[in-house]
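For the record, in the sequence shown the residue sitting at position 95 is 1470 according to the numbering used here, with numbers rising by one throughout. Yeah, the Cβ is synthetic: ideal placement off N, Cα and C, and Gly gets one too. Here the structure comes first, spelled out in structure tokens, and everything after it is commentary.
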Amino acid sequence: MVNEAIFTVAAFSLLTFNTYLITPPEAPTVQERVLVTREISLEERYADKFVNDVFKDNILLTMAYLRGEKIDSTNVDWNLVKKPFSFKMGLKPGKTFAFHEDILPEYLDKVTKTTGSRFNYQDGFKSDGYLTGDGVCHLASLINWAAADANLNVKAPTNHDFAVIPGVPGKFGTSIYVGSNQTGANALQNLYVTNNYNKPIIFAFSYDGKILKLSVAEVAFN
């Protein structure tokens, strides 16, 4: 009986010791500290309703491409595109988000994310009779505004001072254009946001059917 008791205690002690050894430490807690939040109403992009709806649809289609939705550009599912959504995009320290893929040489080894679209008819974008893809400059301007106010490194070579972006301060107006075989000119009508923090940055987009909101947050590990 004594030997059995000693064996039982020893076995229990060994099991406890081994369990202690192999139990992994608790994972660090990840927190997001919101730096800024900015928003625009997609119902107030232009005074004329037809033009406003074109702007709105083009903005939402760009967001669908950015989220990685599967888009049939020959038959866009606008019900999917127009649904409310929440979406987060991360940017590592030293890396850059560019609005489209025609980029300036200084960003060639930094860009890790773009919207993934060229805002043309072939990608399913609408025209207001003036320009196919009209309205995407409003989305770029919202991103510029939020990123700049979060003290990220922002470069928008061409200001949108030829037309007002409703709800966005004029200095953040951003001109976006992608023309065929015009890589150099296109790169000058782009938006570049670089994470100059030493922590990852999160861009959190949300759309409730009317308001498009963007929060910029830094990631902290506790």
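Taken through DSSP and simplified to helix, strand or coil, A1531 comes out as coil. A direct Cα-to-Cα measurement between K1488 and K1445 gives close to 17 Å. For the pair of segments examined, the region 1500-1511 was found not to touch the region 1578-1593: the number of CB pairs separated by less than 8 Å stays below three. When rounded, the separation of the alpha-carbon atoms in L1483 and G1443 is 22 Å. Here DSSP, grouped into helix, strand and coil, assigns S1492 to coil. Within the same chain, L1527, N1528 come within 7 Å of N1571 by CB-CB distance, once the 5 residues on both sides are set aside. Taking C-beta separations shorter than 7 Å and ignoring five residues to either side along the sequence, the partners of D1498 in its chain run S1448, S1492, following chain order. Here A1473 is actually not in contact with L1410; their C-beta atoms are around 21 Å apart, not less than 8 Å. Under the three-state reduction of DSSP, K1431 is assigned to helix. Under the Cβ criterion (8 Å, minimum of three pairs), the region 1575-1583 does not count as touching the region 1546-1555.
In the structure shown, the three-state DSSP call for L1410 is strand.
Contact between the region 1475-1482 and the region 1453-1460 is absent: fewer than 3 CB-CB pairs across the two stretches fall below 8 Å.
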